[in-house]
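J.: Top line first, the protein sequences correspond to chains Y and F.
Quick note: to get the numbering used here, add 344 to the position in the first sequence (first position is 1).
Quick note: to get the numbering used here, add 344 to the position in the second sequence (first position is 1).
Number of protein chains: 2
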Amino acid sequence: MGRLSEGAILRRILDRLAPSRAEVGPGDDAAVIAVDGGPVVATVDTLVHGPDFRLAWSSGYDLGWKAAAVNLADVAAMGARPVALLVALAMPDDTRVSFVEAVADGLRAACEALAPGCAVEGGDLTVSDTLTIAVTALGALETAPVRRSGARPGDVVALAGAAGEAARGLGLLFARFRDPEGTPVAVDDVLLSPSERDAIAAQLRPHPPIALGPAAARAGVTALMDVSDGLLLDATRMADASGVTLALERAPLGPDVDTALTGGEDHALLATFPPGTPPEGFRAIGVVRERGNEAVLVDGVPYAGRTGWDPYRDWDSARG
Amino acid sequence: MGRLSEGAILRRILDRLAPSRAEVGPGDDAAVIAVDGGPVVATVDTLVHGPDFRLAWSSGYDLGWKAAAVNLADVAAMGARPVALLVALAMPDDTRVSFVEAVADGLRAACEALAPGCAVEGGDLTVSDTLTIAVTALGALETAPVRRSGARPGDVVALAGAAGEAARGLGLLFARFRDPEGTPVAVDDVLLSPSERDAIAAQLRPHPPIALGPAAARAGVTALMDVSDGLLLDATRMADASGVTLALERAPLGPDVDTALTGGEDHALLATFPPGTPPEGFRAIGVVRERGNEAVLVDGVPYAGRTGWDPYRDWDSARG
């Protein structure tokens, strides 16, 4: 399985499942399901100790925060407002109750900070050798759900939220907080500059701009998704889904353009809007063109480097 | 954490979370969440390799089936009709794609057999050292949600579905299909009587009576829950939530009353109805009385034995 991409595996699985009856089925940031009375946005994402987080680096609070944030972002990426989380926590039998309480504190704090009105409404606890948290987020729509397939030539490409900060933080953790064998060790803030602390905080406790998802929908956004695997890779997915080329510019992406283009896990919102100034909170980073040979261009040319981060291909869980 | 019950841990966690805004929050079989337009029933349950299933005994198909069935039962236990599943699958990097396809086949088959109209509408794949499947089920209500707290003195206690079959099957697996070190080995059907095969099938691929959940709600059921941890333990929970005593009878519970009373994982539906004959598919197993000293009586006396199965207390994951 390690040789297939997550997308390839998903296609194999989807072939086996019954045809989706949902308004939006598998393949977007979240599903939109018709429940008597109205559409419900629903998504699930799992964090696993090893590939997704390390307890040497993440506290229980950090883990709860991040598990909430990444799922809230998938709801926002449909233009929806998160209304509830369900949390499935599987943990070793010797886990301290205080750790579980800290996870709960992080879940609550992320909801209050990022999506006021959303709370944990259900859950499940099980024993597992591998600490795992699967969060389901449910959301409500004031508008039609926003797909990633609606970008049209002439639209402005815009971004809300950080680009590259979380990846920079992960790089610092790998470079500076591992022992000689590669095993993660606790972060010592004294060894970090303020900017480095911010980057590590962005990795451990990301702040995706949740409220800007429904705001973009109200403002007429044509396509929307959250950037989890890197701007270039996710922009390629949006371009392919929409049948267009996204022509990005380096200038608005800050001083470290390569990290901004390839770094994942910020859960920024990538959007396309009709021509004009994008709504408050979004910054223009390019334009949508008729589909050419490339899905994504950067300053007019294909990007010469790796286009993103596929957790199945790139992460060696034995490392560190 | 191993010394605290799941209930005790949940109470500690719930104290840390924001007050529920849901119509039905944590503490029942599923949450009922108001999404613009109407209530949505939502629940999540996780199966972990080791404590919840063994690959020597369960195929990928079995695992998909069971993961769907147990969550469909939680939706049905609110009187709701399941409409969608989200599946978070975490698996070792060397998992074969054919195994994942078999999980998908089992999920689909369980939905088609137990809850026609319900399908997998979203999901997430991650790498983990421990094979884990967390399924979220969403449901729609035609009636008010049915709590476990509505049983009233004079009501009939009724059961739909198997009682003790899944536990009998698990007992057979432990007794007959482990090597001398206690490690599970593949089931050989030739060694089993037809009745034993049925019991093992009930453990690996349970058939909870999903359609009878909404049917009970239409028929005026006063309290409803699914029996996951054993009839006595779950009846105690219903009695405590309702402030009544459930007076059960041994006679309707079949030849192996002790297994019927204490065995978990059949996901039968335990219900109370106003006096009279319970609706089709339910059999009367007792009556509701004013609350006495005991939450549950069996033929008029407290049950002299263990009252159920708490996965946190009773399962030694190192065993087998």
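Here a beta-carbon is modelled for each residue, glycine too, at the ideal position from N, C-alpha and C.
What are the start and end residues of each continuous beta strand (DSSP E) run of 3 or more residues lying completely inside the region 457-510 of chain F, in chain order?
T.: Fully enclosed beta strand (DSSP E) runs of 3 or longer: 463-471, 476-484, 500-504.
J.: Residues in the same chain with beta-carbon distance under 6 Å from residue 605 of chain Y, minus the five sequence neighbours each way, listed in chain order, please.
T.: Locating residue 605 of chain Y in the first sequence gives position 261, counting from the first residue. If we look at residue 605 of chain Y and ignore the five residues flanking it on each side, its Cβ neighbours are 575, 576.
J.: Which chain Y residues sit within Cβ distance under 7 Å of residue 484 of chain F?
T.: Here residue 484 of chain F corresponds to residue number 140 of the second sequence, with the count starting at 1. Neighbours of residue 484 of chain F on chain Y, chain order: 379, 380.
J.: In terms of DSSP beta bridges, what is residue 617 of chain Y paired with?
T.: Within the first sequence, the letter at position 273 stands for residue 617 of chain Y. In the DSSP output, where bridge partners are listed per residue, residue 617 of chain Y has Y:500.
J.: Identify every run of the beta strand (DSSP E) within the region 556-611 of chain F, keeping only runs that are complete inside it and at least 3 residues long; order them along the chain.
T.: The qualifying runs are 567-571, 588-592.
J.: Ends of the beta strand (DSSP E) at residue 433 of chain Y?
T.: Position 89 of the first sequence, counted from the first residue, corresponds to residue 433 of chain Y. Here the beta strand (DSSP E) through residue 433 of chain Y covers 425-435.
J.: For residue 460 of chain Y, count neighbouring C-beta atoms within 10 Å of its own C-beta (all shown protein chains included) and say buried if the count is 16 or more, exposed if not.
T.: Position 116 of the first sequence holds residue 460 of chain Y. Result: exposed.
J.: Please classify residue 431 of chain Y: is it buried, with 16 or more other beta-carbons within 10 angstroms of its beta-carbon, or exposed?
T.: Counting from 1 along the first sequence, the entry for residue 431 of chain Y is found at position 87. Its Cβ being crowded by 16 or more others within 10 Å, residue 431 of chain Y is buried.
J.: Under 8 Å Cβ-Cβ, which residues of chain B neighbour residue 375 of chain F?
T.: In the structure shown, chain B cannot be found, because the protein chains are Y and F.
J.: Under 9 Å Cβ-Cβ, which residues of chain F neighbour residue 370 of chain Y?
T.: Working through the first sequence from its first residue, we reach residue 370 of chain Y at position 26. In chain order: 464, 465, 466, 467.
J.: Please return the same chain residues whose Cβ sits closer than 8 Å to the Cβ of residue 546 of chain F, not counting the five positions on each side in sequence.
T.: To locate residue 546 of chain F, count along the second sequence from 1; it is residue 202. Counting only Cβ-Cβ distances below 8 Å, and skipping sequence neighbours, we find 506, 509, 510, 512, 513, 610.
J.: Quick one, which of F:476, F:635, F:453 has its alpha-carbon nearest residue 591 of chain F's?
T.: By one-based count along the second sequence, residue 591 of chain F stands at place 247. Of the listed residues, the one whose Cα sits closest to residue 591 of chain F is F:635.
J.: Under 7 Å between C-beta atoms, does residue 392 of chain Y make it to chain F?
T.: Working through the first sequence from its first residue, we reach residue 392 of chain Y at position 48. So, interface residue.
J.: With three or more C-beta pairs closer than 8 Å as the rule, is the region 623-639 of chain Y touching the region 522-529 of chain Y?
T.: The region 522-529 of chain Y is not in contact with the region 623-639 of chain Y.
J.: Are the Cβ atoms of residue 390 of chain F and residue 578 of chain Y separated by less than 7 Å?
T.: Translated into the one-based positions of the second sequence, residue 390 of chain F becomes position 46. Translated into the one-based positions of the first sequence, residue 578 of chain Y becomes position 234. Contact flag unset, no.
J.: Can you check DSSP and say which residues form a bridge with residue 393 of chain F?
T.: The residue given as residue 393 of chain F occupies position 49 in the second sequence. Answer is F:397, bridged to residue 393 of chain F.
J.: Check whether the Cβ atoms of residue 517 of chain F and residue 612 of chain F lie closer than 7 Å to each other.
T.: The residue labelled residue 517 of chain F in the question sits at position 173 within the second sequence. The residue labelled residue 612 of chain F in the question sits at position 268 within the second sequence. Taking 7 Å as the Cβ cut-off, residue 517 of chain F and residue 612 of chain F do not qualify as a contacting pair.
J.: Should residue 429 of chain Y be labelled buried (16 or more other beta-carbon atoms within 10 Å of its own) or exposed?
T.: Walking along the first sequence from the start, residue 429 of chain Y turns up at place 85. Buried, by the Cβ-count rule.
J.: Give a yes or no on whether the C-beta atoms belonging to residue 413 of chain Y and residue 454 of chain Y are separated by under 7 Å.
T.: In the first sequence, residue 413 of chain Y corresponds to position 69, counting from 1. In the first sequence, residue 454 of chain Y corresponds to position 110, counting from 1. Yes, the pair counts as a contact, with Cβ atoms nearer than the cut-off.
J.: Under 8 Å Cβ-Cβ, which residues of chain Y neighbour residue 361 of chain F?
T.: Taking the first residue of the second sequence as position 1, residue 361 of chain F is located at position 17. Result: 448, 451, 452, 463, 464.
J.: So, with DSSP's three-state summary, where would you put residue 659 of chain Y?
T.: For this step, residue 659 of chain Y is matched to residue 315 along the first sequence. Because the pLDDT at residue 659 of chain Y is just 46, under 50, the model does not fix this residue reliably, and the point stays unresolved.
J.: Does the Cβ-Cβ distance between residue 402 of chain Y and residue 548 of chain Y come in under 7 Å?
T.: What you label residue 402 of chain Y is simply residue 58 of the first sequence in a count that begins at 1. What you label residue 548 of chain Y is simply residue 204 of the first sequence in a count that begins at 1. Yes, these two residues count as a Cβ contact at 7 Å.
J.: Buried or exposed: residue 384 of chain Y, going by 16 or more other Cβ atoms within 10 Å of its Cβ?
T.: On the first sequence, position 40 is the one that residue 384 of chain Y refers to. By the neighbour-count rule (16 or more Cβ atoms within 10 Å), residue 384 of chain Y is buried.
J.: Flag this pair as touching only if the region 489-500 of chain Y and the region 554-574 of chain Y have three or more C-beta atom pairs under 8 Å; answer yes or no.
T.: Flag = yes, the region 489-500 of chain Y and the region 554-574 of chain Y touch.
J.: Since residue 485 of chain F and residue 423 of chain F are thought to touch, with beta carbons under 8 Å apart, how far apart are those beta carbons, to the nearest angstrom?
T.: By one-based count along the second sequence, residue 485 of chain F stands at place 141. By one-based count along the second sequence, residue 423 of chain F stands at place 79. That belief holds up - the Cβ atoms of residue 485 of chain F and residue 423 of chain F are roughly 7 Å apart, short of 8 Å.
J.: Might you give, ordered along the chain, the residues of its own chain that have their beta carbon closer than 7 Å to the beta carbon of residue 400 of chain Y, omitting 5 neighbours on each side?
T.: Taking the first residue of the first sequence as 1, we reach residue 400 of chain Y at position 56. Same-chain partners within the cutoff: 528, 529, 530.
J.: Residue 450 of chain F bridges to which residues according to DSSP?
T.: Here residue 450 of chain F refers to the residue found at position 106 when the second sequence is read from its first residue. None, per the DSSP bridge assignment.
J.: Write down the C-beta distance between residue 463 of chain Y and residue 362 of chain F rounded to the nearest angstrom, noting that I regard them as a contact closer than 8 Å.
T.: One-based indexing of the first sequence puts residue 463 of chain Y at position 119. One-based indexing of the second sequence puts residue 362 of chain F at position 18. The Cβ separation is near 4 Å, so the contact holds.
J.: Output yes or no for whether 7 Å exceeds the beta carbon distance between residue 368 of chain Y and residue 375 of chain Y.
T.: The count along the first sequence starts at 1 and reaches residue 368 of chain Y at position 24. The count along the first sequence starts at 1 and reaches residue 375 of chain Y at position 31. Yes, Cβ-Cβ distance for residue 368 of chain Y and residue 375 of chain Y is below 7 Å.
J.: For the candidate residues F:582, F:643, F:624, whose alpha-carbon lies nearest to that of residue 597 of chain F?
T.: Position 253 of the second sequence, counted from the first residue, corresponds to residue 597 of chain F. The residue with the shortest Cα to Cα distance from residue 597 of chain F is F:643.
J.: Please list, in chain order, all residues of the same chain as residue 667 of chain F whose beta carbon is under 6 Å from its beta carbon, the five residues on each side excluded.
T.: The requested residue 667 of chain F does not occur in the structure, where chain F is confined to residues 345 to 664.
J.: Since residue 471 of chain F and residue 437 of chain F should fall inside the 8 Å C-beta cutoff, what is the C-beta to C-beta distance between them, to a whole number of angstroms?
T.: The residue labelled residue 471 of chain F in the question sits at position 127 within the second sequence. The residue labelled residue 437 of chain F in the question sits at position 93 within the second sequence. Rounded, the Cβ-Cβ distance is 5 Å, consistent with contact.
J.: When the Cα atoms are used, what is the spatial distance from residue 360 of chain Y to residue 444 of chain F?
T.: Reading the first sequence from its first residue, position 16 is the one you call residue 360 of chain Y. Reading the second sequence from its first residue, position 100 is the one you call residue 444 of chain F. About 10 Å.
J.: Step through the CB atoms of chain Y and report whether any lies within less than 7 Å of the CB of residue 445 of chain F.
T.: Along the second sequence, read from residue 1 onward, the residue named residue 445 of chain F stands at position 101. Yes, residue 445 of chain F counts as interfacial toward chain Y.
J.: Under 9 Å Cβ-Cβ, which residues of chain Y neighbour residue 490 of chain F?
T.: Here residue 490 of chain F corresponds to residue number 146 of the second sequence, with the count starting at 1. Per Cβ cutoff of 9 Å: no residues; residue 490 of chain F is ~16 Å from chain Y at best.
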